[in-house]
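Student: Counting from 3, one number per residue, gives the positions in the sequence shown under the numbering used here.
Can you read through this structure? Questions will come right after.
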Amino acid sequence: MTNRRAFLSFMATSPLFTSGAALAQALAETAGSTIKDASEALNVFEMEAAARAIVPPAHFGYLASGVDNNATLQANHTAYERYQIRPRRLVDVSDFDMSTEVLGLRSANPFFLCPIGSCGAFHFTGEVGVANAAREKDTAMILSTQASQSVEAVIDARNGPIWFQLYSTNRWSVTQQLVRRAERAGCTAIALTVDLPAGRNTETAALMARQDTRNCDACHSPSRVKPSFEGIDMNGVGLVDAALTWNVVERLKNETSLPIVIKGIETREDAALAVEAGADGVVVSNHGGRATPTGRGTIEALPEVVEAINGRIPVVVDGGIRRGSDIFKAIALGATAVGIGRPYAWGLGAFGQAGVERVIDILRREFAITMRGSGARTLAEIGLNHIIDTEKR
Ligand SMILES: Cc1cc2nc3c(=O)[nH]c(=O)nc-3n(C[C@H](O)[C@H](O)[C@H](O)COP(=O)(O)O)c2cc1C
Numbered sequence: 003m004t005n006r007r008a009f010l011s012f013m014a015t016s017p018l019f020t021s022g023a024a025l026a027q028a029l030a031e032t033a034g035s036t037i038k039d040a041s042e043a044l045n046v047f048e049m050e051a052a053a054r055a056i057v058p059p060a061h062f063g064y065l066a067s068g069v070d071n072n073a074t075l076q077a078n079h080t081a082y083e084r085y086q087i088r089p090r091r092l093v094d095v096s097d098f099d100m101s102t103e104v105l106g107l108r109s110a111n112p113f114f115l116c117p118i119g120s121c122g123a124f125h126f127t128g129e130v131g132v133a134n135a136a137r138e139k140d141t142a143m144i145l146s147t148q149a150s151q152s153v154e155a156v157i158d159a160r161n162g163p164i165w166f167q168l169y170s171t172n173r174w175s176v177t178q179q180l181v182r183r184a185e186r187a188g189c190t191a192i193a194l195t196v197d198l199p200a201g202r203n204t205e206t207a208a209l210m211a212r213q214d215t216r217n218c219d220a221c222h223s224p225s226r227v228k229p230s231f232e233g234i235d236m237n238g239v240g241l242v243d244a245a246l247t248w249n250v251v252e253r254l255k256n257e258t259s260l261p262i263v264i265k266g267i268e269t270r271e272d273a274a275l276a277v278e279a280g281a282d283g284v285v286v287s288n289h290g291g292r293a294t295p296t297g298r299g300t301i302e303a304l305p306e307v308v309e310a311i312n313g314r315i316p317v318v319v320d321g322g323i324r325r326g327s328d329i330f331k332a333i334a335l336g337a338t339a340v341g342i343g344r345p346y347a348w349g350l351g352a353f354g355q356a357g358v359e360r361v362i363d364i365l366r367r368e369f370a371i372t373m374r375g376s377g378a379r380t381l382a383e384i385g386l387n388h389i390i391d392t393e394k395r
């Protein structure tokens, strides 16, 4: 105990922890392994530590990895420190509402659960566990093409609509089947991911896989296909199409009446092109620092995208959101809602459905404190007046 206290006070003063976020994370890593129940997690970093202690190294590496040296992954989170909040006082915030609706999909919280492939690698309940939590917490969810469970099973567990994240594949007939099945199952939008045309270099995943001594052949045999592709001839089919261009929006619109959301936009040029191409929404995203090694946090890309879109379609942002105050900053900078990725997967890995629910509760509570503490009663009341960009001051 004395040693632990000494270690913690050393860390609190150490120059190693130049940012509050890094210190909170380091403190959580020492505490996380002691969490025995989801309800004990004080913040999402404690959930991360609890997941790290239980999820096999190769699977945790898959979850944790960014690309190259993880600079973009880290930038996603630390870039939030560039922005500060301007709170307003003596506003009656006894009544408040943090619910949001994006293209008809309602969420009691201003955040969505992002598509994460292979959730079965973190907990045996996989995406159904996530959907159960989303149902209990009335939270919007986007299901990955690469999910461990079928879209039908997940919608059934969610007991309500979700969006389907689409990898376009390099054979249109396969893409058509994915879209039709999602629509038939009850998905209410297609989120087309466009940030991975050329593979990626997930070095942390590779390094952590080396530490895993288990025999993985049974699960990773080449003959196993993801449930999204069951019954489809996948011979020679790749997940993404390097030749994809903006006309994909029109092609998809010819296949389905569902709204098409483009996930992976980071520039004003592409935001304008998305609107021109007929997209119904965009997600500002760099795939959680797992695609192009740009070195730029998505929150720093958000303002130019918001400016170019100019209110014509909704803008969701994801990447590095770990606190309710991060959500507040994103909404102040013009996001309609935000996406949460790894934090809910940490909850799932550590405690299954209960862990996901706890992560939702933590972020919801932190957001409510920030929102009300800033004098805002609705998301619409949160605006640029609430934020300072310290690099422009
Ligand atoms: C393990 C993992 C798997 C992911 N799988 C997908 C996927 O299948 N499709 C997709 O569009 N995005 C995928 N993403 C990206 C997320 O949807 C989201 O953009 C990102 O996780 C947000 O950043 P955050 O994890 O820092 O919150 C994945 C992310 C992680 C961490």
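Even glycine gets a Cβ: it sits at the ideal position worked out from N, Cα and C.
I need the DSSP call for Tyr-85, collapsed to helix, strand or coil.
Tutor: If you number the sequence shown from 1, residue 85 lands on position 83. Three-state DSSP puts Tyr-85 in a strand.
Student: Answer yes or no: do Arg-366 and Pro-345 have a C-beta to C-beta separation smaller than 8 Å?
Tutor: On the sequence shown, position 364 is the one that residue 366 refers to. On the sequence shown, position 343 is the one that residue 345 refers to. No; because the gap between Cβ atoms is not below 8 Å, this pair is not in contact.
Student: Is Ala-347 near ligand 1, going by C-beta to nearest heavy atom under 7 Å?
Tutor: The residue you call residue 347 lines up with position 345 of the sequence shown. Checking the Cβ of Ala-347 against ligand 1 gives yes.
Student: For Glu-154, collect the residues of the same chain with a Cβ closer than 8 Å to its Cβ; drop the 5 residues on either side in sequence, then sort them by chain order.
Tutor: In the sequence shown, residue 154 corresponds to position 152, counting from 1. Taken in chain order, the residues that qualify are Ala-187.
Student: For Asp-320, report the span of its beta strand (DSSP E) as first-last.
Tutor: As a working note, residue 320 is residue 318 in the sequence shown. Element bounds for Asp-320: 317-320.
Student: For Leu-107 and Arg-84, I'd like the C-alpha separation in whole angstroms.
Tutor: As a first step, residue 107 must be located in the sequence shown, where it is residue number 105. As a first step, residue 84 must be located in the sequence shown, where it is residue number 82. For Leu-107 and Arg-84, the distance between alpha carbons rounds to 31 Å.
Student: So is Phe-12 buried or exposed if we call it buried at 16+ other beta carbons inside 10 Å?
Tutor: As a working note, residue 12 is residue 10 in the sequence shown. Note that Phe-12 scores 46 on pLDDT, short of 50, meaning its location in the model is unreliable and no value can be drawn from it.
Student: Near Arg-204, which residues of its chain fall below 7 Å by C-beta distance, leaving aside the five closest residues on each side in sequence?
Tutor: Position 202 of the sequence shown, counting from 1, holds the residue named residue 204. In the sequence as presented, Arg is not what sits at residue 204; that position holds Thr. Hits under 7 Å: Ser-67, Val-69, Arg-292.
Student: Within 7 Å: the Cβ of Asn-78 and any heavy atom of ligand 1?
Tutor: In the sequence shown, counting from the first residue as 1, residue 78 sits at position 76. At least one heavy atom of ligand 1 is nearer than 7 Å to the Cβ of Asn-78, so yes.
Student: Looking at the structure shown, is Ala-8 part of a helix, part of a strand, or coil, going by DSSP?
Tutor: Here residue 8 corresponds to residue number 6 of the sequence shown, with the count starting at 1. At Ala-8, the pLDDT of 47 sits below 50, so the modelled position is not reliable; the number obtained from the coordinates is stated separately. Ala-8: helix per DSSP, three-state reduction.
Student: Counting pairs of Cβ atoms below 8 Å between the segment 301-311 and the segment 264-277, do you hit three or more?
Tutor: Touching, yes.
Student: Specify the secondary structure class of Ala-193 as computed by DSSP and reduced to three states.
Tutor: Along the sequence shown, read from residue 1 onward, the residue named residue 193 stands at position 191. Ala-193 falls in the strand class under three-state DSSP.
Student: Going by beta-carbon coordinates alone, are Ala-73 and Gly-299 separated by less than 8 Å?
Tutor: Stepping through the sequence shown from its first residue, residue 73 is reached at position 71. Stepping through the sequence shown from its first residue, residue 299 is reached at position 297. The answer is no: Cβ separation not under 8 Å.
Student: For Gln-2, write down the residues that DSSP places opposite it in a beta bridge.
Tutor: Residue 2 lies beyond the stretch modelled for the chain, which goes from 3 to 395, so this question has no answer here.
Student: Exposed or buried, which one is Gly-297 when buried takes at least 16 other CB atoms within 10 Å?
Tutor: Numbered from 1 along the sequence shown, position 295 holds the residue referred to as residue 297. So Gly-297 counts as exposed.
Student: Quick check: is any heavy atom of ligand 1 less than 7 Å from the C-beta of Ile-342?
Tutor: What you label residue 342 is simply residue 340 of the sequence shown in a count that begins at 1. Yes, Cβ of Ile-342 sits closer than 7 Å to a heavy atom of ligand 1.
Student: Measuring CB atoms only, is the segment 151-170 touching the segment 114-134, in the sense that at least three cross pairs come out at less than 8 Å?
Tutor: Because the criterion of three Cβ pairs below 8 Å is met, the segment 151-170 and the segment 114-134 touch.
Student: CB of Ser-152 to nearest heavy atom of ligand 2: below 7 Å?
Tutor: This structure simply doesn't include ligand 2; it includes ligand 1 instead.
Student: Short of 8 Å in beta carbon distance, which residues of its chain neighbour Arg-182, apart from the five on each side in sequence? Order them along the chain.
Tutor: What you label residue 182 is simply residue 180 of the sequence shown in a count that begins at 1. Within the same chain, Arg-182 has close Cβ partners Glu-257, Thr-258.
Student: So what does Met-210 bridge to, in DSSP terms?
Tutor: Position 208 of the sequence shown, counted from the start, is the residue given in the question as residue 210. Bridge partners of Met-210: none, in fact.
Student: Drop a sphere of 10 angstroms on the beta-carbon of Ala-347, count the other beta-carbons inside from all chains shown, and report buried for 16 or more, exposed for fewer.
Tutor: Start at 1 with the first residue of the sequence shown, and residue 347 comes out as number 345. When all chains shown are included, Ala-347 counts as buried.
Student: Give a yes or no on whether the C-beta atoms belonging to Gly-343 and Thr-372 are separated by under 8 Å.
Tutor: Along the sequence shown, one-based indexing puts residue 343 at 341. Along the sequence shown, one-based indexing puts residue 372 at 370. Taking 8 Å as the Cβ cut-off, Gly-343 and Thr-372 do not qualify as a contacting pair.
Student: Helix or strand or just coil, what does DSSP make of Lys-394?
Tutor: Position 392 of the sequence shown holds residue 394. Reduced to three states, the DSSP call for Lys-394 is coil.
Student: Let me know the beta strand (DSSP E) ranges lying completely inside the segment 255-302, each 3 residues or longer, listed in chain order.
Tutor: For the segment 255-302, whole beta strand (DSSP E) runs of length 3 or above, ordered along the chain, are 262-267, 283-286.
Student: Classify Trp-165: buried if its beta carbon has 16 or more other beta carbons within 10 angstroms, exposed otherwise.
Tutor: What you label residue 165 is simply residue 163 of the sequence shown in a count that begins at 1. When all chains shown are included, Trp-165 counts as buried.
Student: Would you mind sorting Phe-369 into buried or exposed? The rule is 16 or more other CB atoms within 10 Å of its CB.
Tutor: Along the sequence shown, read from residue 1 onward, the residue named residue 369 stands at position 367. With 16 or more Cβ atoms within 10 Å of its Cβ, Phe-369 is classed as buried.
Student: So, helix, strand or coil for Glu-232, using DSSP?
Tutor: Position 230 of the sequence shown, counted from the start, is the residue given in the question as residue 232. Here Glu-232 sits in coil by DSSP.
Student: Here's the rule I'm using: 16 or more other beta-carbon atoms within 10 Å means buried, otherwise exposed. How should Ile-389 be labelled?
Tutor: For this step, residue 389 is matched to residue 387 along the sequence shown. Classification of Ile-389: buried, given that the 10 Å Cβ count is 16 or more.
Student: Identify whether Val-104 lies in helix, strand or coil by the three-state DSSP scheme.
Tutor: As a first step, residue 104 is located in the sequence shown; it is residue number 102 there, counting from the start. Reduced to three states, the DSSP call for Val-104 is strand.
Student: In whole angstroms, what separates the C-alpha of Ser-41 from that of Pro-89?
Tutor: Reading the sequence shown from its first residue, position 39 is the one you call residue 41. Reading the sequence shown from its first residue, position 87 is the one you call residue 89. Computed Cα separation, rounded: 30 Å.
Student: Can we count Ser-225 as close to ligand 1, meaning its CB is less than 7 Å from some heavy atom?
Tutor: Looking up residue 225 in the sequence shown gives position 223. Because no heavy atom of ligand 1 lies under 7 Å away, the Cβ of Ser-225 does not count as near it: no.
Student: What are the boundary residues of the alpha helix (DSSP H) that Leu-180 is part of?
Tutor: Here residue 180 refers to the residue found at position 178 when the sequence shown is read from its first residue. Counting along the chain, the alpha helix (DSSP H) containing Leu-180 begins and ends at 174-187.
Student: Alpha carbon to alpha carbon, how far is Val-277 from Arg-314? Give it in angstroms, no decimals.
Tutor: The residue given as residue 314 occupies position 312 in the sequence shown. The residue given as residue 277 occupies position 275 in the sequence shown. Their backbone Cα atoms lie some 8 Å apart in a straight line.
Student: Can you grab the Cα-Cα spacing for the pair Ala-8 / Val-361, in whole Å?
Tutor: For the purposes of this step, residue 8 is taken as residue 6 along the sequence shown, with counting starting at 1. For the purposes of this step, residue 361 is taken as residue 359 along the sequence shown, with counting starting at 1. Reliability fails at Ala-8, whose pLDDT of 47 lies under 50, so the model's placement of it is uncertain and no value is given.
Student: Which residues bound the beta strand (DSSP E) around Ala-142?
Tutor: For the purposes of this step, residue 142 is taken as the residue at position 140 of the sequence shown. That run of the beta strand (DSSP E) goes 142-145.
Student: For Pro-295, verify whether its CB is less than 7 Å away from any heavy atom of ligand 1.
Tutor: Against the sequence shown, residue 295 aligns to sequence position 293. No, since every heavy atom of ligand 1 falls outside the 7 Å radius drawn around the Cβ of Pro-295.
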